[in-house]
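Going by my numbering, the first residue of the sequence shown is number 3, and it counts up by one from there. The C-beta atom is built at its ideal place from N, Cα and C for all residues, glycine as well. A quick write-up on the structure given underneath.
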Amino acid sequence: MTDIFNKCRNFHIVKQLIASGIYPYFKELESEQAPEITIKGKKFIMFGSNNYLGLANDPRMKKAAIDAVQKFGTGVAGSRFLNGNTVLHTELETKLAKFKGREAALIYATGYQMNLGVVSALVGKGDFAIVDKLNHASILDGCRLSHGELRRFKHNNPEDLEKVLKEIGPNHGKLVIVDGVFSMEGDIAPIPEISKVCRRYGARLMVDDAHATGVLGKHGHGTMEHFGLSSKDVDLVVGTCSKSFASVGGFVVGDADILHYIQHISRSMIFSASLPPASVASISKALDIITEEPQRIKRLWDNAAY
């Protein structure tokens with residue numbers, strides 16, 4: 003008889019790394035996210051944080067979170083579909099849509115849940131999700147949860163994308179998904195060229211701007227601003243609130259009718275508790291700060307080029 007736990011008990015390699023003192027993961031920080039952190043009483047320089055604009059410790063962010071807890075409590079105790087939707091949530095969505103230059107926005111509890119929910123809601127039986135080979139794991143998992151077919155194309159290669167779309171043909175719904183900035187490689191997707199290929203073959207384009215929001219573009223609006231593109235070029239833009247926004251959560255922006263559909267079909271939104279008030283309020287304050295202090299983006303790039 004096979005015990006499903008056998009794989010767990012035979013998982014020795016990580017234990018060997020821990021015993022050797024070279025296991026690099028799950029370190030316990032004893033300080034806030036800052037350029038210098040403390041682990042086991044020792045000071046280290048932080049090179050691994052996504053706190054791109056240094057907002058995680060901003061007093062205004064902390065105050066916004068505290069004020070939200072005072073008024074709305076520590077949690078919403080439910081899904082947005084029912085009792086977990088506050089005025090803070092809808093106000094943030096309005097602000098996010100304006101920041102990204104789109105009609106509407108939806109926020110999720112995490113960026114991972116957002117990609118799962120958006121992709122699986124849109125890609126159904128007979129449809130195709132076409133993804134860059136180096137896309138984030140959450141995008142791939144969203145494709146696997148959908149009832150559609152998954153196809154991959156070579157990294158940042160519009161010519162290979164065109165080949166894949168040509169093979170699929172015109173009689174299937176097609177959603178092309180790419181990262182705006184690829185987290186492991188650090189390169190930027192050639193969105194203008196990819197968009198042209200998508201339009202040529204009747205495919206919709208979704209760009210994950212998790213690492214571009216607050217970083218690319220003069221005002222930090224992301225990949226679209228970086229390339230000077232509009233909603234005519236990219237159908238959906240998604241992202242996370244755990245990086246430049248220094249909180250937690252995910253978002254999708256696009257046409258109002260598309261997001262209205264996603265809002266009522268996306269299982270990871272309907273069957274999950276929504277973001278707590280403190281997180282929503284801090285994200286909203288981050289948007290204010292990024293808009294009012296564009297010099298933070300310039301400083302980020304100056305530091306990167308140092």
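Taking a cut-off of 8 Å on C-beta distances, the segment 187 to 196 does not touch the segment 242 to 256, as fewer than three cross pairs fall below it. Excluding residues up to 5 positions away in sequence, G252, S270, S274 lie with their Cβ nearer than 7 Å to the Cβ of Q115 in the same chain. Its chain contains A283, S284, K287 as the residues whose beta carbon lies nearer than 6 Å to that of A66, once the 5 sequence neighbours on both sides are disregarded; these appear in chain order. From the listed residues A280, Y263, N305, the smallest Cα separation to I272 is found for Y263. The segment 225 to 242 and the segment 200 to 214 touch, with three or more beta-carbon pairs separated by less than 8 Å.
In terms of CA proximity to L57, F247 leads the group Q297, H266, F247, P172. At a Cβ-Cβ threshold of 8 Å, V120 and G144 count as neighbours. Under DSSP, F49 shares a beta bridge with no residue. In the three-state reduction of the DSSP assignment, E38 falls in the strand class, which pools E and B.
If you draw a straight line from the Cα of L90 to the Cα of P172, it is about 42 Å long. No Cβ-Cβ contact shorter than 8 Å links L218 with I196.
Between K168 and K135, the C-beta spacing is not below 8 Å. Inter-residue distance for I179 and R202 is about 16 Å (C-alpha atoms, whole angstroms). The alpha helix (DSSP H) runs lying completely inside the segment 256 to 281 and spanning 4 residues or more are 258 to 267, 269 to 272, given in chain order. Burial of F130 is indicated by the presence of at least 16 other C-beta atoms within 10 angstroms of its C-beta. In the three-state reduction of the DSSP assignment, R154 falls in the strand class. For F130, the pairing in a beta bridge is given by DSSP as E151, K176. With fewer than 16 neighbouring CB atoms inside 10 Å of its own CB, S33 falls in the exposed class. Between the C-alpha atoms of I109 and R298 there is a straight-line separation of about 24 Å.
Look at Y114 here: in three-state DSSP terms it is helix.
The C-alpha of L231 lies about 18 Å from the C-alpha of A107. For D304, the enclosing alpha helix (DSSP H) starts and ends at 297 to 306. In the DSSP assignment, T225 falls within the alpha helix (DSSP H) that extends over 225 to 229.
For T242, the enclosing beta strand (DSSP E) covers residues 238 to 242. Per DSSP, the beta-bridge partners of F253 are I109, G241.
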